[in-house]
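What follows is a single structure, written as structure tokens, with notes after it.
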Amino acid sequence: MTDIDPSRRAALFDVLRSQRIETPSWAYGNSGTRFKVFEQAGVPRNPTEKIEDAAKVHEFTGIAPSVALHIPWDRVDDYAALRKHAEDAGIALGAINPNVFQEDDYKLGSVCSPDAGVRRKATDHLLDCVEIAGQTGSSVLSLWFADGLNYPGQDDLRARQDRLAEALREVYDQMPAGLRMLLEYKFFEPAFYATDVPDWGTSFAHCLELGPAAQVLVDTGHHAPGTNIEFIVAFLLRAKRLGGFHFNSRFYADDDLIAGAADPFQLFRIMSEVARGGGLDRETGVEFMLDQCHNIEPKIPAMIRSVCNIQEATAKALLIDTDALRAAQNEGDVLAANAVVMDAYNTDVRPLLAELRQDQGLDPDPMAAYLRSGYQERIVAERVGGSAAGWGA
Ligand code: PSV
Ligand code: MN
Ligand code: MN
Numbered sequence: 001m002t003d004i005d006p007s008r009r010a011a012l013f014d015v016l017r018s019q020r021i022e023t024p025s026w027a028y029g030n031s032g033t034r035f036k037v038f039e040q041a042g043v044p045r046n047p048t049e050k051i052e053d054a055a056k057v058h059e060f061t062g063i064a065p066s067v068a069l070h071i072p073w074d075r076v077d078d079y080a081a082l083r084k085h086a087e088d089a090g091i092a093l094g095a096i097n098p099n100v101f102q103e104d105d106y107k108l109g110s111v112c113s114p115d116a117g118v119r120r121k122a123t124d125h126l127l128d129c130v131e132i133a134g135q136t137g138s139s140v141l142s143l144w145f146a147d148g149l150n151y152p153g154q155d156d157l158r159a160r161q162d163r164l165a166e167a168l169r170e171v172y173d174q175m176p177a178g179l180r181m182l183l184e185y186k187f188f189e190p191a192f193y194a195t196d197v198p199d200w201g202t203s204f205a206h207c208l209e210l211g212p213a214a215q216v217l218v219d220t221g222h223h224a225p226g227t228n229i230e231f232i233v234a235f236l237l238r239a240k241r242l243g244g245f246h247f248n249s250r251f252y253a254d255d256d257l258i259a260g261a262a263d264p265f266q267l268f269r270i271m272s273e274v275a276r277g278g279g280l281d282r283e284t285g286v287e288f289m290l291d292q293c294h295n296i297e298p299k300i301p302a303m304i305r306s307v308c309n310i311q312e313a314t315a316k317a318l319l320i321d322t323d324a325l326r327a328a329q330n331e332g333d334v335l336a337a338n339a340v341v342m343d344a345y346n347t348d349v350r351p352l353l354a355e356l357r358q359d360q361g362l363d364p365d366p367m368a369a370y371l372r373s374g375y376q377e378r379i380v381a382e383r384v385g386g387s388a389a390g391w392g393a
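Numbering-wise, full-length UniProt numbering puts 149 at position 149 of the sequence shown, and it's gapless, one number per residue.
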């Protein structure tokens, strides 16, 4: 691989250096399964400590310069001060994720609830989050709704779509220029019979109705097994409605495991479509965010691994010889076309990425550098009584 020609290598490095991967504040706190939240030593006790951990991931990888917040898990009195704290630590505050799923009032849904008072409360929280985004300097409002039904007949499927559209419209109309609404979908859970935003088509349709600042958020763990996620990515990029990703891995459900752990080939195929559709150009605004929970593994190293896995998949995607691929496709040479793609996938890009990091003044091995840094030992000693991320709290 290292025999790649110098001008191609420089272009590749430019793209890789400009990639930005956002880590989620909730991945640094304690988390668990629906059966148990597991406690780890040294986890953050408050939003500022979560930010400090996120800043470490950036320090060692060089490409994770922002952290997403979840409100109210990361609620503070002074968001300007939190923003300053992040900037002093070397990162920015990223997407604001409202939480309209963890209160008794939301048992039958939030913005889709049959109860007008509950809908008002949920919409008001989304509007608060628009305000907060202004104070944190965030340009993304990420919406995920746990709304849905467990039983046929429980509520009117169509009326719920009307209520969803009404709430989204109210929020969209209050958004200042520069703020984007990313609407996430999920095919099941916590409801099992019907989900109000179950798939990319539903999200896409609502976004189209709202306007150009509404885009689809693709969480890689939110699809039925076997779903061709890269097709969704290609389609949405073509339609200019791919807002971004929540990367994670799944074996069975919404597992929230380390990106690239379960299916590195899928991650490569997704990144290939991102590259093909121009999604790596900063102007397209595609957000590369992680949405993971590290229940049994140490959290900061898990985030470093995740960021590096995405970077590796991106590098491999960029190595696809697009001229050779196009020629094979035009000739209808199925085997040659597939071979071009597989050649890129089968390339070991780790030496190349080590060189890239050295060029950036970073340690070529972010994981080893973090483990040597003494940070983990320090937080374990200093932080007593770390808190849950919010899940099961
Ligand atoms: C729940 O499925 C979820 O994992 C969604 O993916 C959200 O993005 C995330 O929680 C944070 O609210
Ligand atoms: Mn998500
Ligand atoms: Mn999820």
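Think of the CB as a built atom: it goes at the ideal place given N, C-alpha and C, for glycine as much as any other residue.
Check, Outcome
"Beta strand (DSSP E) runs contained entirely in the segment 173 to 219, provided each spans 3 or more residues", "180 to 184, 214 to 219"
"Rounded distance between the beta-carbons of ILE296 and GLY42, thought under 8 Å", "Contact doesn't hold; Cβ gap of about 15 Å is too wide."
"Buried or exposed (CB count within 10 angstroms, at least 16 for buried), MET342", "exposed"
"Rounded C-alpha distance that separates ILE91 from PHE145", "28 Å"
"Pairwise C-alpha distance: ALA381 and ASP128", "36 Å"
"Strand pairing of SER142, partner residues [DSSP]", "LEU182"
"Residues near SER18 in its chain [Cβ-Cβ closer than 7 Å; skip 5 each side]", "ARG282"
"Contact check, ASP291 vs ASP219, beta carbons under 7 Å", "yes"
"Cβ shell of ILE320 (< 7 Å), same chain only, five flanking positions each side left out", "SER272, VAL340, VAL341, ALA344"
"Cβ-Cβ distance between GLY243 and VAL216 below 7 Å", "yes"
"First and last residue of the uninterrupted alpha helix (DSSP H) at GLY221", "Here GLY221 belongs to no alpha helix (DSSP H), and DSSP marks it neither H nor E."
"ASP363 Cβ short of 6 Å to ligand 3 heavy atom set", "no"
"Euclidean distance between Cα positions of CYS308 and ALA116", "45 Å"
"Distance cut-off 6 Å: ASP291 Cβ against heavy atoms of ligand 1", "yes"
"Spatial distance of ALA80 from ALA54 (CA atoms)", "18 Å"
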